[in-house]
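The sequence shown begins at 21 in this note's numbering and counts up by one.
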Amino acid sequence: MAPVEAMASGKAVVGMREGGCLETIIDGSTGLLVGPDVPEIVNAINIICREPSKYKEKCTEQARKFSMDIFLDKMKKRSMR
């Protein structure tokens with residue numbers, strides 16, 4: 021949940037191109053997805069640092085999708101099936 025918490029604060033995230041990051045981070049919009057190579061990670065950080073404010077709105081919008089209210093709504097809908 022760390023990427024979602026960062027996005028809720030309007031901060032873009034650099035995450036690995038695998039697992040939960042694929043579900044939470046929108047590559048190029050709310051952060052950048054990278055492989056395990058150090059140069060790729062450093063490059064992603066540099067890209068985000070050039071204009072961090074451009075990610076803010078999309079980050080907070082994406083984080084809302086993981087709010088407790090939405091989570092509970094989804095659980096209720098699943099239990100009604």
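Cβ atoms here follow ideal geometry from the backbone N, Cα and C, with glycine treated the same way.
Under 8 angstroms between C-beta atoms of residue i and residue j
| i | j | result |
| --- | --- | --- |
| V24 | A83 | yes |
| L53 | C41 | yes |
| I68 | Y75 | yes |
Residue i, DSSP secondary structure in three states
| i | result |
| --- | --- |
| M36 | strand |
| D47 | strand |
Range of the contiguous alpha helix (DSSP H) that encloses residue i
| i | result |
| --- | --- |
| D89 | 88-99 |
| E25 | 22-28 |
| K85 | That residue, K85, is in no alpha helix (DSSP H); it is neither H nor E in DSSP. |
Rounded Cβ spacing between residue i and residue j (contact assumed at less than 8 angstroms)
| i | j | result |
| --- | --- | --- |
| A32 | T50 | 6 angstroms |
| C79 | G30 | 5 angstroms |
| G55 | R37 | 6 angstroms |
Nearest to residue i (by Cα), restricted to the options the options
| i | options | result |
| --- | --- | --- |
| E60 | V34, C69, T44, S73 | V34 |
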